[in-house]
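Read the structure below first, then the notes.
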Amino acid sequence: MDRKSQLTEPRPPQSVTAHIPADTPTFMALFMGSIIAVLLLAIPAFAQTADQPMPENASAKSYGDGWECTIGFRLNENACVAIIVPQNAYDTNRSYGSGWECLHGFRRADETACVAVEVPEGGFLDTSGERWRCLRGFIKVDDTCQEIVLPANAYLADASYGSTWTCERGFEETGDLCTAIAVPANAYLNGSGYGPPWTCERGFFERDGLCEAVVIPANAYFDDATYGTGWKCERGYEASGDTCELIDVPENAHLDRSGNRWECDKNFQKSKGLCVLNN
């Protein structure tokens, strides 16, 4: 065969299988699987942006991501719907809460209405504009204000609990009445909230509901203490029954601080009514 024939004769195709690794199908499957996974993860992100665009009557948040409804509108599912202000209410122009409040003198009945506050006779609308209270001289009973009936010799009390009235000075509460306090002779009203409502005058002591005069013996003086005999012996005297006896101070002794007893001098001790030198 000549050289020309050798040059023009087609050569058989050369095999390239020897240059492809034996695990090419596995490698390609893994490669394509990774691409598909990336696409699948990316699709929801695009879909979320596309499915939840900023609706009408909304604006981008002043901080962070996302959007929020403008004032006067509220989020309802994925839309911003206008706030419906009911009758007897006003728009609060706030981005939180219901967006409206009832006028003074009205209260919220539900989420869609404001009803008038019904003030009973003897009551008044308080500063909140949503509640009522009873006037002085009246007491709240359920949904009404009932007038307080004062007994004779009583006046209205300002206490927030307990009785709505108080007896005048010189009278005490007995059930639903104010009865006069029986003050014994030589006593006066003390206005105390506990114990006897009266006190014996100076020089008298209470005994069995009466004020008896204190009998002061010789060499004694009146004692203001609320207990005891009502008198004390002068200095140098000691009580003996209803009298004050002169104290016989032994040798090497002296009257103590009270003046109604004696004690031995320093370095002496009492022994059988005398003061003897310490050994």
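If you read the sequence shown in the working numbering, its first letter stands for residue 9, the second for the next number, and so on.
Even for Gly, the Cβ is constructed at its ideal location relative to N, Cα and C.
For ASN161 and THR182, the rounded distance between their alpha carbons: On the sequence shown, position 174 is the one that residue 182 refers to. On the sequence shown, position 153 is the one that residue 161 refers to. Near 12 Å, if we compare the C-alpha coordinates of ASN161 and THR182.
Can you give the Cα-Cα distance for ILE79 and ASN65, rounded to whole angstroms? As a working note, residue 79 is residue 71 in the sequence shown. As a working note, residue 65 is residue 57 in the sequence shown. C-alpha separation (whole angstroms): 9 Å.
Simplified DSSP assignment, three categories, for HIS262: Residue mapping note: residue 262 aligns to position 254 of the sequence shown, counting from 1. Looking at HIS262 - three-state DSSP - the assignment turns out to be strand.
Note the first and the last residue of the continuous beta strand (DSSP E) segment covering LYS278. Within the sequence shown, residue 278 is the residue found at index 270, counting from 1. 276 to 279 is the extent of the beta strand (DSSP E) around LYS278.
Backbone CA spacing between ARG144 and ARG102 [nearest angstrom]: By 1-based counting over the sequence shown, the position of residue 144 is 136. By 1-based counting over the sequence shown, the position of residue 102 is 94. Cα to Cα, the separation comes out at about 39 Å.
Cutting at 7 Å between CB atoms, please list the residues of its own chain near CYS142, excluding the five before and the five after it. For this step, residue 142 is matched to residue 134 along the sequence shown. Same-chain partners within the cutoff: GLY130, GLY131, LYS148 and CYS153.
Does the region 222 to 234 come within contact of the region 190 to 202, defined as at least 3 CB pairs closer than 8 Å? No, they do not touch.
Please report the Cβ distance between ILE91 and ASP99, rounded to the nearest whole angstrom; I am assuming they are in contact, meaning their Cβ atoms lie under 8 Å. The residue you call residue 91 lines up with position 83 of the sequence shown. The residue you call residue 99 lines up with position 91 of the sequence shown. Right, the Cβ-Cβ distance comes to about 7 Å (below 8 Å), so this counts as a contact.
From this set, TRP173, PRO192, ALA195 and GLU246, which residue's C-alpha is nearest LEU185's C-alpha? For this step, residue 185 is matched to residue 177 along the sequence shown. Distance from the Cα of LEU185 is smallest, within the candidate group TRP173, PRO192, ALA195 and GLU246, for TRP173.
Do LEU238 and PHE213 have their CB atoms nearer than 9 Å? Taking the sequence shown and counting its residues from 1, the one referred to as residue 238 is at position 230. Taking the sequence shown and counting its residues from 1, the one referred to as residue 213 is at position 205. The residue you asked about is not Leu; residue 238 is Gly in the sequence shown. Yes, the pair counts as a contact, with Cβ atoms nearer than the cut-off.
Helix, strand or coil for THR1? Go by DSSP, reduced to three states. Within the shown structure, residues of the chain are numbered from 9 to 287, placing residue 1 beyond reach of any answer.
Which one of HIS112, ALA165, LEU164 and GLU119 has the shortest CA to CA distance from TRP140? In the sequence shown, residue 140 corresponds to position 132, counting from 1. Scanning HIS112, ALA165, LEU164 and GLU119 for the CA closest to the CA of TRP140 turns up HIS112.
Between which two residues does the beta strand (DSSP E) harbouring THR172 extend? In the sequence shown, residue 172 corresponds to position 164, counting from 1. THR172: not part of any beta strand (DSSP E); DSSP gives it neither H nor E.
Rank PHE146, ASP150 and ALA165 by C-alpha distance to the C-alpha of ILE156 and give the top, closest one. Counting from one through the sequence shown, the residue named residue 156 turns up at place 148. Out of PHE146, ASP150 and ALA165, the CA that lies nearest to the CA of ILE156 is found in PHE146.
Cβ neighbours of ASN96 in the same chain (closer than 7 Å, five flanking residues each side left out): Taking the first residue of the sequence shown as position 1, residue 96 is located at position 88. Within the same chain, CYS110, LEU111, PHE114 and CYS122 come within 7 Å of ASN96 by CB-CB distance, once the 5 residues on both sides are set aside.
Tell me the DSSP bridge mates of PHE147? Mapped onto the sequence shown, residue 147 falls at position 139. In the sequence as displayed, the identity of residue 147 is Ile instead of Phe. Residue pairing from DSSP places ILE147 in a beta bridge opposite GLN154.
Roughly how many angstroms lie between the CA atoms of GLU242 and GLY267, to the nearest whole one? Counting from 1 along the sequence shown, the entry for residue 242 is found at position 234. Counting from 1 along the sequence shown, the entry for residue 267 is found at position 259. So the two alpha carbons sit approximately 8 Å from each other.
For LEU282 and GLU271, what's the separation of their Cα atoms in angstroms? In the sequence shown, counting from the first residue as 1, residue 282 sits at position 274. In the sequence shown, counting from the first residue as 1, residue 271 sits at position 263. Here the alpha carbons of GLU271 and LEU282 stand approximately 10 Å from one another.
Burial state of LEU285 (16 or more Cβ within 10 Å): Position 277 of the sequence shown, counted from the first residue, corresponds to residue 285. Exposed, by the Cβ-count rule.
Could you give the C-beta distance for THR207 and ALA221, rounded to a whole number, given that I count them as a contact under 8 Å? The residue given as residue 207 occupies position 199 in the sequence shown. The residue given as residue 221 occupies position 213 in the sequence shown. So it is not a contact: roughly 15 Å between Cβ atoms.
Distance check for GLN277 and ASN287, CA to CA, integer angstroms please. Taking the sequence shown and counting its residues from 1, the one referred to as residue 287 is at position 279. Taking the sequence shown and counting its residues from 1, the one referred to as residue 277 is at position 269. Distance between the alpha carbons of ASN287 and GLN277 is about 10 Å.
Please classify GLY131: does DSSP put it in a helix, a strand, or coil? Taking the first residue of the sequence shown as position 1, residue 131 is located at position 123. DSSP places GLY131 in strand when its eight states are reduced to three.
Helix, strand or coil for VAL93 per DSSP? Stepping through the sequence shown from its first residue, residue 93 is reached at position 85. Under the three-state reduction of DSSP output, VAL93 falls in the coil class, being neither helix nor strand.
For ASP166 and PRO205, I'd like the C-alpha separation in whole angstroms. Indexing the sequence shown from 1 puts residue 166 at position 158. Indexing the sequence shown from 1 puts residue 205 at position 197. Whole-angstrom Cα-Cα distance: 22 Å.
I'd like the span of the beta strand (DSSP E) that includes GLU220, first residue to last. Here residue 220 refers to the residue found at position 212 of the sequence shown. GLU220 -> beta strand (DSSP E) spans 218 to 221.
Taking just the CA atoms, how far does LYS280 sit from ALA261? By one-based count along the sequence shown, residue 261 stands at place 253. By one-based count along the sequence shown, residue 280 stands at place 272. Using only the alpha carbons, I get a separation of about 13 Å.
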